[in-house]
Amino acid sequence: MNILKTNGLIKQYMKQINHKLSLFSIPVSAFILSFNLSIAQENIVDKAIEVSGMKKMRNAEASFTFREHTYEYKRQTGHFTYTRIGKNRDSSLVRDVYTYKGFSRHVADTVVNLTEKRKNAYTNSVNSVMYFAFLPLWLKDPAVILKDMGKSKIKSKEYYKIRVTFQQEGGGTDFEDVFLYWFDVEDYSMDYLAYNYFTGKGGMRFRVAFNQRTINGVRIQDYRNLQPRIMDGVNFDQIENAFEKGELEELSLIELKNVKIKTIPKT
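Under the working numbering, the first residue of the sequence shown is numbered 4, with each subsequent residue one higher.
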């Protein structure tokens, strides 16, 4: 075999390959950049879950008081039971139980027949309280779509900013809602969050964490719940700027009291 001829053919072939690669260099580069950003935001969320101790809540029991209700949480190997306990106007005991199998309401230990509309409303109400109580655990759910929004400063402190949307399948009835989360670049604490929701009349909320405390290795925190003073005057994706400018007003306090957490073994 003529080695010089063979080398020449190889060089010619490589030139053709390089030329073809150059035609696709921009989309390939864009794919690599997108992939790297995806890895980066996954790492930020993973780290935030780790430092918060929320991994423990994947197999745990918990209880807490929120406003006039007591909530009970149990999750083990993917199966869950969320219970809300309160009283009717006639002081009869009401238990709302939401599990991976469905929802039921019990009044004085009797199961109540509900319309689908009421059942969905109660389910969403119970699930919402549990969702916010144990963030950022849920940011790795299969329906979650993470988007890196770069870094942002709030009160002179730097944060990783992550945008969260949801796939329709597995994203619940409010899958169109959009969330923003801010994680401290140094310790990965989740100090702020915001959401733009479209159920009911819709609206925007911005939450400021306070009263951070650790219970059995899990970081629990309360929130100041704010909304725009002028509902149409705020760009949601830049809502932290409105917060800095004093364009948000306090709507309520989100406080979890008497929090108890106990981890349980995997089955």
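We put the CB at the ideal spot given by N, CA and C, even for glycine. From a predicted model like this one, the values you see are computed outputs, not experimental measurements.
Residues sharing a beta bridge with residue i, DSSP
i: threonine 266; result: Ala63
i: alanine 51; result: None; alanine 51 has no bridge partner.
i: glycine 105; result: Thr102
i: tryptophan 185; result: Lys164, Tyr195
i: glutamate 45; result: DSSP output for glutamate 45 lists no bridge partner at all.
i: valine 114; result: His109
i: methionine 207; result: Asn199
i: valine 221; result: Ile218
i: glycine 89; result: Val97
i: aspartate 151; result: Ile165
i: lysine 77; result: Glu64, Thr84
i: lysine 158; result: According to DSSP, which records beta bridges pairwise, lysine 158 is partnered with nothing at all.
i: glutamine 230; result: Glu252
Cutoff 9 angstroms: residue i Cβ touching any chain D Cβ
i: glycine 81; result: Looking for chain D here will not work: only one protein chain is present.
Cα-Cα separation, residue i to residue j
i: glutamine 79; j: tyrosine 101; result: 14 angstroms
i: glycine 220; j: histidine 72; result: 24 angstroms
i: serine 255; j: tyrosine 198; result: 15 angstroms
i: arginine 208; j: phenylalanine 135; result: 13 angstroms
i: leucine 229; j: aspartate 180; result: 17 angstroms
i: glycine 206; j: phenylalanine 213; result: 23 angstroms
i: aspartate 99; j: threonine 113; result: 11 angstroms
i: leucine 36; j: tyrosine 163; result: Only weak support is given to the placement of leucine 36: the predicted model assigns it a pLDDT of 39, under 50, and the question is left unresolved by the model.
i: methionine 133; j: aspartate 240; result: 25 angstroms
i: arginine 227; j: aspartate 187; result: 18 angstroms
i: methionine 57; j: serine 94; result: 35 angstroms
i: methionine 60; j: phenylalanine 182; result: 21 angstroms
i: isoleucine 165; j: methionine 152; result: 5 angstroms
i: phenylalanine 155; j: threonine 118; result: In the sequence as presented, phenylalanine is not what sits at residue 155; that position holds serine. Taking the straight line joining both Cα atoms gives about 45 angstroms.
i: serine 192; j: lysine 158; result: 15 angstroms
i: leucine 81; j: isoleucine 223; result: In the sequence as presented, leucine is not what sits at residue 81; that position holds glycine. Spanning the two alpha carbons is a distance of roughly 21 angstroms.
i: arginine 70; j: lysine 260; result: 9 angstroms
i: glutamate 161; j: tryptophan 185; result: 9 angstroms
i: threonine 168; j: aspartate 194; result: 19 angstroms
i: threonine 68; j: valine 262; result: 7 angstroms
i: aspartate 225; j: leucine 196; result: 12 angstroms
i: tyrosine 76; j: threonine 266; result: 11 angstroms
i: lysine 269; j: isoleucine 218; result: 20 angstroms
Exposed unless 16 or more other CB atoms sit within 10 angstroms - verdict on residue i
i: phenylalanine 201; result: exposed
i: tyrosine 125; result: buried
i: aspartate 190; result: exposed
i: glutamate 243; result: buried
i: glutamine 215; result: exposed
i: serine 55; result: buried
i: leucine 138; result: buried
i: alanine 63; result: buried
i: methionine 234; result: exposed
i: tyrosine 103; result: exposed
i: arginine 121; result: exposed
i: leucine 96; result: exposed
i: arginine 232; result: exposed
i: valine 115; result: exposed
i: arginine 92; result: exposed
i: isoleucine 148; result: exposed
i: isoleucine 264; result: buried
i: glutamine 170; result: exposed
i: arginine 210; result: buried
i: alanine 65; result: buried
i: isoleucine 257; result: buried
i: isoleucine 52; result: buried
i: alanine 245; result: buried
Taking 8 angstroms as the cut-off, does the segment 78-96 touch the segment 241-253 (at least 3 CB pairs, one atom from each stretch)? Proximity of the segment 241-253 to the segment 78-96 falls short of the contact definition, fewer than three beta-carbon pairs being nearer than 8 angstroms.
So, does the segment 48-63 touch the segment 133-150, judging by three or more C-beta pairs under 8 angstroms? Yes, since at least three Cβ pairs between the segment 48-63 and the segment 133-150 fall closer than 8 angstroms, the two stretches touch.
Can you give, in chain order, each stretch of the alpha helix (DSSP H) that sits fully within the segment 233-266 and has at least 4 residues? Runs of the alpha helix (DSSP H) inside the segment 233-266: 242-247.
Please give the ranges of any alpha helix (DSSP H) in the segment 118-145, keeping only runs that are unbroken, at least 4 residues long and fully inside the region. Runs of the alpha helix (DSSP H) inside the segment 118-145: 119-136.
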